[in-house]
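Visitor:
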Amino acid sequence: MSIDTARMRDSIAVTARLLAGENLRITMEGAQAFVQFDPTTYKPFRINVPALPDEATPELIQEIQGYLDHEVGHILFTTWEVVKAAEEAGLRSTHNIVEDCFIERAMGERFPGAAANLTRLHETFVAKITPELLREADDNEERRFHVLLVPFARALAGQWHFQKFMDTGGHWGNRRVRDLLDRLGPSVAARMPRLASSAECLEMAELWAGVIHASRNPTHRSKGMDAGKRPEERDSTSNISRPGTPSPADIVPDARDRTSARAPQTEANGGHSDIVGRNRPASQRDETERRRPHFQDPPVFGDDPFLDAASVSISDRGAALAKAAAYRVYTRDHDRIEPLELPNGFRHEYLVALGRHTASMTHVMQKDVERMMASHSRVSAVPGYRSGRLHAGNLYRLALGDDRVFRRRQVSTSTDSAVSLLVDNSGSMTGEKLQIAMASAYALSETLETVSVPHECLGFTTAPPWPDDAPGAPYETKIRYSRKQPIKMPIYKAFGERLTPGVRQRFAAMAVMQPGTQGNIDGESIGYAALRLASRKEVRKVMIVLSDGNPAGQGVRADLKAHLHATIKAVTEAGIEIVGIGIMSEHVREFYPRCLVLQRLGDLPACVMGELRRILTI
């Protein structure tokens, strides 16, 4: 587990939610990138990006952040009524090509960090995506022209990477590109960097579509004379904004076709959701499809050539990473770390019984810890008080009228340590093992709170697996995923909580009632706990894992075991000390370099005092 990669990976969805609000659902599932749209408003309601493995590079993560920032830009700055008008006029793709320039500029102005992410996406687009599309187009002039429309628009809008691409590649000399630029005229080109709304972008798209339509149909009236004029200045006979005029990107949707071919027919990728255009009345849908014949089967990705091509690139790289990764997760979206809800039927007597079973051990450990802390305490005499013991060195203050000539003894027992207790709550722990583990965690928590050591206590198990026929289930992909169950980590005590009666009840509920015990994905659970612990400001960080050993759950057992080894190594290298306590099992010795075995609850004080001594003294 790479803590830095995990932090960057988790920041993707968090950042997008902060930017776009609650109406946009961000998911990280499978290996594909795609967007789903509301069929009525045309507004995106879901963006999916690949569930990246630990091997994901910072460059790819930044590229995905750019992909999200692009779509969040639409959420923040697009006027969706205008998009609907563009759709009805058959200009949606052309409008998107133009509007993308506006919304990305607006994103960069409002969020400077988004500009860096979008720039990374631009670099990939001109270095990999566009050259590949041009190679596929070969000598087909029409296809090459459609490929060049995106960099052409962005270069006119002032995006440096696209300007350089057009310059160094000699693409300004492409006959169709040159003809379009000449027909538009300098005044229209100069407006591209200044577009400030979706309506202005639609106006520009109408100009583009009219000019391209005229150049494709020599008998059609040329728009070169009035293409640079605003709508109110055009001759009334001009049909630049003619509703039936097809946009250039609508005619040969190269990137969209390639993307659509990669979309699995599941709800996660749009197979069972409303797709733009499918839920309109039949007469309206038929009229739209008559004008745009390729829309007979609209793809889930919508009509954004730039975003569609980026989706293909990210999906290809995400799939390649997933297939090559040593440990593969379909999605982490359903993993939960939250306080344990007390089961129905919980009784106060359970807490009383837990306290009675652990009281003798807790008292022994607390006394030992207090003596240990006292022997390692730092004692100092602090001068400058008006009462206490007289400090001869400060008597000169009396001549100045200052009576602060006393000192006091201060004892500091701070260890600057933070501790995470992690308890295996899986089915194999059911019964006496889990009772011992929860009682031990409870006793350790009480002891650590007594000496004011910041700590938390978490459990780890799994939720029910995805059913085989669930939309987007990992079973429907060609990638063999290492786990097929969500992780569930109940919080018994968080760092910011005290051992109040309500917190103590969580320990008692799991110790006695043992609800929801299923599998145990040890590696990822330790990784989650390590991320929480790594965010603490204390210098020293220690994790104590109470488990019966082997990972178990629906997935690939060999992958789960190998990932546990790798995670313990990575966590240790990140500066977190990790100790395994085997609960009536020797299996911990296989995974934890520092470990001990607890066979009976009464052995806890003698078993763990050595580790507590290392934790509480430096």
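So the number in the working numbering is just where the residue sits in the sequence shown, counting from 1, plus 12.
Note that CB positions come from ideal geometry on N, CA and C, so glycine has one too.
Every value quoted in this text rests on a predicted model; they were computed, and no experiment measured them.
(1) Identify whether N129 lies in helix, strand or coil by the three-state DSSP scheme.
(2) Assuming G181 is part of the beta strand (DSSP E), what are its boundary residues?
(3) What is the DSSP secondary structure of V431, reduced to helix, strand or coil?
(4) Give the straight-line distance between the Cα atoms of T343 and M40, rounded to the nearest whole angstrom.
(5) Confirm, please, whether the CB-CB distance from L558 to I503 is below 9 Å.
(6) Using only the alpha-carbon positions, how far apart do R58 and G182 sit?
(7) To which residues of the same chain is T370 closer than 7 Å at the C-beta, ignoring the five residues directly before and after it?
(8) Looking at R398 and D415, is the spacing between their C-beta atoms short of 9 Å?
(9) Just to confirm, are C113 and M178 a CB contact at a threshold of 9 Å?
(10) Apart from the five residues just before and just after A92, which ones in its own chain have a Cβ nearer than 6 Å to its Cβ?
(11) Could you tell me which whole beta strand (DSSP E) segments of length 3 or greater appear in the region 408–473?
(12) With 16 other CB atoms within 10 Å as the buried threshold, where does G565 fall?
(13) Could you check if D81 is buried or exposed, using at least 16 other CB atoms within 10 Å of its CB as the buried criterion?
(14) In whole angstroms, what is the alpha-carbon distance linking M501 and R606?
(15) Which residue comes first and which comes last in the beta strand (DSSP E) that contains P351?
(16) Under 9 Å between the Cβ atoms of A337 and E67?
(17) Enumerate, from N- to C-terminal direction, the unbroken alpha helix (DSSP H) stretches of 4 or more residues contained entirely within the region 474–547.
(18) I'd like to confirm the pairing. Which residues does DSSP put opposite I59 in its beta bridges?
(19) So, for Q611: in the same chain, excluding its five sequence neighbours on each side, which residues have a beta-carbon less than 7 Å away from its beta-carbon?
(20) For R206, which of L572, V551, G170 and V583 has the nearest alpha-carbon?
(21) Less than 9 Å between the beta carbons of E212 and L103, yes or no?
(22) Between H173 and I24, what straight-line distance do the alpha-carbon atoms span, to the nearest angstrom?
(23) If you draw a straight line from the C-alpha of D328 to the C-alpha of D316, how long is it?
(24) Use the C-beta contact count for G443: other C-beta atoms within 10 angstroms, 16 or more gives buried, fewer gives exposed.
(25) Please list, in chain order, all residues of the same chain as M522 whose beta carbon is under 6 Å from its beta carbon, the five residues on each side excluded.
(26) So, helix, strand or coil for S597, using DSSP?
(27) With DSSP as the reference, please indicate the residues paired to S559 in a beta bridge.
(28) For A239, count the other beta carbons within 10 Å of its own beta carbon; 16 or more makes it buried, fewer makes it exposed. Which is it?
(29) Specify, as a first and last residue, the run of the alpha helix (DSSP H) that V568 falls within.
(30) I'd like the list of long-range same chain contacts for D50, defined as Cβ closer than 6 Å, with 5 residues on each side in sequence excluded.
(31) Within a Cβ cutoff of 6 Å, which residues of the same chain sit near I556, ignoring the five residues on either side of it in sequence?
(32) Counting only the same chain and skipping the five closest in sequence on each side, list residues whose C-beta sits under 6 Å from that of R420.
(33) Measure the C-alpha to C-alpha separation of V620 and D380 and round it to an integer number of angstroms.
(34) According to DSSP, is L613 helix, strand or coil?
(35) Just the Cα atoms here: how many angstroms apart are N35 and T512?
(36) For the candidate residues E589, H86 and M525, whose alpha-carbon lies nearest to that of L319?
Guide: In terms of the structure at hand:
(1) helix
(2) Counting along the chain, G181 falls outside any beta strand (DSSP E), and DSSP gives it neither H nor E.
(3) Three-state result, V431: strand.
(4) In a straight line, the C-alpha of T343 is about 6 Å away from that of M40.
(5) In this structure, I503 keeps its C-beta atom at 9 Å or more from the C-beta atom of L558.
(6) Approximately 38 Å, taken between the alpha carbons.
(7) A451, Y454 and A455
(8) yes
(9) no
(10) Checking the sequence shown, residue 92 turns out to be Trp, not Ala. Closer than 6 Å at the Cβ level, and outside the excluded window around W92, lie T53, Y54 and K55.
(11) 418–424 and 429–436
(12) buried
(13) The residue is buried, with at least 16 neighbouring Cβ atoms inside 10 Å.
(14) 23 Å
(15) R348 to P351
(16) yes
(17) 513–524 and 534–546
(18) I59 is bridged to I38 and V47.
(19) M596
(20) G170
(21) Going by C-beta atoms, E212 is not nearer than 9 Å to L103.
(22) 24 Å
(23) 18 Å
(24) exposed
(25) M450
(26) Note: S597 maps to coil in three-state DSSP.
(27) G594
(28) Note that A239 scores 43 on pLDDT, short of 50, meaning its location in the model is unreliable; the coordinates nonetheless yield the value given after this. Label assigned to A239: buried.
(29) No alpha helix (DSSP H) holds V568; DSSP gives it neither H nor E.
(30) F57
(31) Around I556, the same chain offers L433 and V591 as residues with beta carbons nearer than 6 Å, after the five sequence neighbours per side are excluded.
(32) So the list reads V394, Y397 and G400, once near-sequence residues are dropped.
(33) 11 Å
(34) helix
(35) 37 Å
(36) H86
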